[in-house]
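Letter by letter, the sequence shown follows residues 7 to 354 in my numbering.
Step one of this worksheet: look at the structure below.
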Amino acid sequence: MSLTDIKSLNITELEELLTQRGHQRFRANQIYSWLHQKHVESFEEMTNIPKALISDLSSICYISVANIEKKLVSRYDNTIKYLYSFPDGEYVEAVVMDYHHGYSMCISTQVGCKMGCTFCATGKGGFTRNLTAGEILSQIYTAQKDLTIRISNVVLMGMGEPLDNFDNVVRFIRLASDEKGLNLSTRHITLSTCGLVPKIYELADLKLPVTLALSLHAPTNEIRSKTMPVNKKYPLEEVFKACRYYADNTGRRITYEYAMISGVNDSDECAHLLAQQIKGTLCHVNLIPVNPVEGTGYNPSKDKRLTAFVNVLSKYNVNATVRRTLGSDINASCGQLRGKNLKNKGGV
Ligand code: SAH
Ligand code: SF4
Numbered sequence: 007m008s009l010t011d012i013k014s015l016n017i018t019e020l021e022e023l024l025t026q027r028g029h030q031r032f033r034a035n036q037i038y039s040w041l042h043q044k045h046v047e048s049f050e051e052m053t054n055i056p057k058a059l060i061s062d063l064s065s066i067c068y069i070s071v072a073n074i075e076k077k078l079v080s081r082y083d084n085t086i087k088y089l090y091s092f093p094d095g096e097y098v099e100a101v102v103m104d105y106h107h108g109y110s111m112c113i114s115t116q117v118g119c120k121m122g123c124t125f126c127a128t129g130k131g132g133f134t135r136n137l138t139a140g141e142i143l144s145q146i147y148t149a150q151k152d153l154t155i156r157i158s159n160v161v162l163m164g165m166g167e168p169l170d171n172f173d174n175v176v177r178f179i180r181l182a183s184d185e186k187g188l189n190l191s192t193r194h195i196t197l198s199t200c201g202l203v204p205k206i207y208e209l210a211d212l213k214l215p216v217t218l219a220l221s222l223h224a225p226t227n228e229i230r231s232k233t234m235p236v237n238k239k240y241p242l243e244e245v246f247k248a249c250r251y252y253a254d255n256t257g258r259r260i261t262y263e264y265a266m267i268s269g270v271n272d273s274d275e276c277a278h279l280l281a282q283q284i285k286g287t288l289c290h291v292n293l294i295p296v297n298p299v300e301g302t303g304y305n306p307s308k309d310k311r312l313t314a315f316v317n318v319l320s321k322y323n324v325n326a327t328v329r330r331t332l333g334s335d336i337n338a339s340c341g342q343l344r345g346k347n348l349k350n351k352g353g354v
């Protein structure tokens, strides 16, 4: 029998688990508090829990942890990048960014990714496994402990496609926004997706309501299908329709992520085509010069091109900002550090 990740259970599930096994219901609150407020990493640290209960729990559950394998601090800004390892020997990356209004953290939802976007370091490495809700939470808990800070914003923009790990990610969102846990406002959680259309509808219907970021990166099916294979299954028309549904259903503005790749998707014509499709909708465009990934042959657009692109969008009253790249000296773009680590160990 495989063990249950106890950090992934909500309080009701924990109560059920305990009472089914003949333990007292009130212990659930205590255990939950050890896990989600004191962030303990072993049952032995739960000092007010009877030995017999601990021993029974350890026979059916484990506590997920994210261990710091590497920590890089940017010289330019306060960006910190972690390479975390899990006990099964897998790695994921996470980044902590120090904004004026608080700390924001970019975390991973899968080890690798199945989607195969051609510009992405994670996509190049293939897929290994989903993360549990507890493993997604642990990335935040470990960083908060290490830096003695409180994370106030979370973006699911690390390794993996969150909507391809739907149940665990929704579970994570619910646990992270629980007032007896991290107590993050769902509005301060951003979920980024490459556009798994049916799952966008499913998420919208849950009315959680997290901020949705859609990785667009191209204004036509022709260009998008070349860089993002998922577009062949869910073309742009369907993606935009799903995004409109999400915005209407949740009242939340959609963020469109657009990595500017020199000579691929950054012409004025591309900007016109993009604007024509999204003008008048509740949205914002984030333009980010593509991070060069070894072997892709892609280069970031020059500043002049970025400015010209923004100018075209503004003619249509489409809001756009050029995102500053944080931690450029520490491979802050996700997937790059893990790639390097595997290489050093003789992996991909
Ligand atoms: N799988 C999800 C979330 C993880 S990727 C998604 O694709 O949205 C997080 C963001 O980084 C996405 O917008 C993705 O398109 C972008 N990204 C990936 N590789 C990049 C690169 N080399 N340069 C700039 N952005 C990149
Ligand atoms: Fe996966 Fe997102 Fe990378 Fe595409 S950009 S391969 S969806 S992690």
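C-beta atoms are modelled at their ideal positions from N, C-alpha and C, and glycine is treated no differently.
A quick note: this is a predicted structure, and the numbers were derived from the prediction, not measured.
Can you pull the DSSP bridge partners for residue i?
i    : result
A219 : S198, T261
T327 : N292
V98  : Y90
Y105 : G108
M266 : P295
Q116 : N136
L162 : L197
R11  : Note on identity: in this sequence residue 11 is Asp, with Arg being the wrong assignment. The partner list for D11 (beta bridge, DSSP) reads Y68.
L78  : K87
I284 : Bridge partners of I284: none, in fact.
N73  : S91
P179 : The sequence as given places Ile at residue 179; Pro does not occur at that position. I179 is not bridged to any residue.
I157 : Y109
Skipping 5 residues on each side, what residues in its chain have a beta carbon closer than 7 Å to that of residue i?
i    : result
N179 : The amino acid at residue 179 is misidentified as Asn; the sequence shows Ile. Excluding sequence neighbours, I179 sits near T192, I195, L214, V216.
E141 : S70, A72, F92
V318 : D274, A277, H278, A281
S48  : I69
K151 : H45
T302 : T124, F125
Y147 : H45
Y207 : A248, Y251
R27  : D62
Anyone know if the C-beta pair for residue i and residue j falls short of 7 Å?
i    : j    : result
N174 : T138 : yes
K205 : L169 : yes
Y252 : K285 : no
V328 : L293 : yes
T25  : R31  : yes
C67  : L143 : no
V296 : F172 : no
M266 : S307 : yes
E185 : A219 : no
R311 : D254 : no
R259 : L288 : yes
V299 : A127 : yes
S231 : K238 : yes
Since residue i and residue j are thought to touch, with beta carbons under 8 Å apart, how far apart are those beta carbons, to the nearest angstrom?
i    : j    : result
L197 : L162 : 5 Å
H290 : T261 : 5 Å
N16  : L181 : 6 Å
T233 : C123 : 6 Å
R156 : Y109 : 7 Å
L59  : H107 : With a Cβ gap of about 42 Å, L59 and H107 do not count as contacting.
V361 : C200 : No information on residue 361 is available, as it lies outside the stretch 7 to 354 that the chain covers here.
By the DSSP assignment, the beta strand (DSSP E) with residue i in it spans what residues?
i    : result
P295 : 289 to 295
C249 : Run containing C249: none in the beta strand (DSSP E); it sits in the alpha helix (DSSP H), 242 to 256.
R135 : 133 to 136
CB-CB under 6 Å to residue i, same chain, minus the five flanking residues each way: which ones, in chain order?
i    : result
W40  : V46, M52
G355 : Because the chain spans 7 through 354 in this model, residue 355 falls outside it and cannot be assessed.
C112 : V101, V161, M163, G164
L153 : none
H42  : G187
Please report the residue range of the alpha helix (DSSP H) in which residue i lies.
i    : result
Q26  : 17 to 26
E300 : That residue, E300, is in no alpha helix (DSSP H); it is neither H nor E in DSSP.
N237 : 236 to 239
V46  : It is not in any alpha helix (DSSP H) - V46 carries neither H nor E in the DSSP assignment.
L169 : Run containing L169: none; DSSP gives neither H nor E here.
D309 : 309 to 321
H29  : Careful: H29 lies outside any alpha helix (DSSP H) and carries neither H nor E.
S363 : Not covered by the structure: residue 363. The range shown for the chain is 7 to 354.
L209 : 203 to 212
Which same chain residues end up closer than 8 Å to residue i when comparing Cβ atoms and leaving out the 5 residues on each side of it in sequence?
i    : result
L20  : I12, A34, I37, Y38
N350 : Unreliable positioning characterises N350 in this predicted model, as indicated by a pLDDT of 46, which lies under 50. The coordinate reading is nonetheless provided below. Result list for N350: empty, nothing under 8 Å.
N54  : Q36
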